[in-house]
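To start, the structure itself, in structure tokens.
Numbering (my numbering), first residue to last: 2 to 368.
Printed below as a string of structure tokens:
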């Protein structure tokens, strides 16, 4: 049976190639879109962890998504936080979502306070702020934009000089002086979030309770960094799970239609062959088995090609756009494999049962 199945597929190389390509496209589409989505979440998680804070304090009603809330509360909240037990450093930060050229979050920081959270920046070129119109950028942004120290870039419709290039992983990709960003967005004396460093990370829950007990801060959003990081998942990001499901649905539809068309046409062309098999005693189950095994072989070939293309495309994307991280996980490789196989088998089911139902006399008389 296996020799016959392979011979049938090789006898129609163009149709088999189209079917394999459709399955490969299905798998590649799923893996790249999901990989890009998960990669961006994982990158945001790692950059938040790299800041070095143990507790994050946000104004009431804040979104856990960085840069969405603006700067609605007084920076003097930092002074109240510094008086709490176990607190060793507090860094107020202004976050601003920018859509100029690319969607990104700009951080406004007080450099000494920000660096006190996690050991400071590692400068790859240049150095700290020298004036209000300076900007720090990370190495990924510098690599993508071919930016160098001393060059001018536009941020929020203002021109800034790159004073330093730092190693990535410290929150944002661009950092402005705190007072500069406050003035740009009309939020003098305000902050978006407060990062808190403790004498021991194990005291995070105690400090969270202490912050909520401060008069006037009962409704603030206060979380340990561990809890905050755990919320950064696809299910917690508005619309992301729906987007991924839509992409999977489109990919499955493509694979289903192509497999259905290919196997249905193959069955119609092999009417006489099926009649010969049935006249020789082949059962309906045998005929169904032949069709489905051909489909499974096409699906496995398409899955292998799709995975290979996904790896190559992921490497190419990372090399061309370092700021667009990709995360191809083993779990999603397994899911994509199951989705492709199940979709292909469902697409081939009707042609398979139609072939099995053919009358051998009519099939043998078919011209």
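Note that the Cβ used here is the ideal one computed from N, Cα and C, for glycine as well.
At a Cβ-Cβ threshold of 9 angstroms, residue 253 and residue 342 do not count as neighbours. DSSP, read as helix, strand or coil, puts residue 212 in helix. One alpha carbon belongs to residue 338, the other to residue 296, and they sit about 14 angstroms apart.
DSSP, reduced to helix, strand and coil, places residue 154 within a strand of the structure shown.
CA-CA distance, residue 128 to residue 316, rounds to 31 angstroms. DSSP lists 196, 224 as the bridge partner or partners of residue 57. Counted as a single uninterrupted DSSP element, the stretch harbouring residue 168 is not any beta strand (DSSP E), since DSSP gives it neither H nor E. Listed as beta-bridge partners of residue 106 by DSSP are 98. The three-state reading of DSSP puts residue 75 in strand, counting E and B together. Around the beta carbon of residue 33, 16 or more other beta carbons lie within 10 angstroms, which makes this residue buried. By the Cβ rule, the segment 131-139 does not count as touching the segment 210-218, because fewer than three pairs are nearer than 8 angstroms.
For residue 283, there is no enclosing alpha helix (DSSP H), as DSSP gives it neither H nor E.
A straight-line Cα-Cα distance of about 21 angstroms links residue 86 and residue 116. DSSP, read as helix, strand or coil, puts residue 137 in strand. Exposure of residue 120 is indicated by the presence of fewer than 16 other C-beta atoms within 10 angstroms of its C-beta. Relative to the Cα of residue 58, the nearest Cα in the group 223, 281, 198, 326 belongs to 223. Under the three-state reduction of DSSP output, residue 161 falls in the strand class. Spatial neighbours of residue 44 in its own chain (CB-CB distance under 8 angstroms, excluding positions within 5 residues in sequence) are listed in chain order as 326. For residue 101 and residue 165, the gap between their C-alpha atoms comes out near 21 angstroms. Per the coordinates, the alpha-carbon of residue 23 lies some 34 angstroms from the alpha-carbon of residue 281. The distance from the Cβ of residue 328 to that of residue 51 is about 17 angstroms, inconsistent with a contact at the 8 angstroms cut-off.
Out of 323, 345, 114, the CA that lies nearest to the CA of residue 179 is found in 114.
If you draw a straight line from the Cα of residue 76 to the Cα of residue 171, it comes to about 21 angstroms. Taking a C-beta distance under 9 angstroms as the contact criterion, residue 176 and residue 110 qualify as a contact pair. Rounded to whole angstroms, the separation of the alpha carbons of residue 244 and residue 319 is 22 angstroms. Following the DSSP letters along the chain, one finds residue 14 inside the alpha helix (DSSP H) bounded by residues 14-52. The three-state secondary structure of residue 217, taken from DSSP, is coil. When C-alpha distances from residue 201 are compared across 53, 352, 141, 21, the shortest belongs to 53. Put simply, the backbone Cα of residue 141 is about 31 angstroms away from that of residue 190. With a threshold of 16 other beta carbon atoms within 10 Å, residue 321 falls short and is exposed. Pairing residue 288 with residue 264 gives a Cβ-Cβ distance that is not under 9 angstroms.
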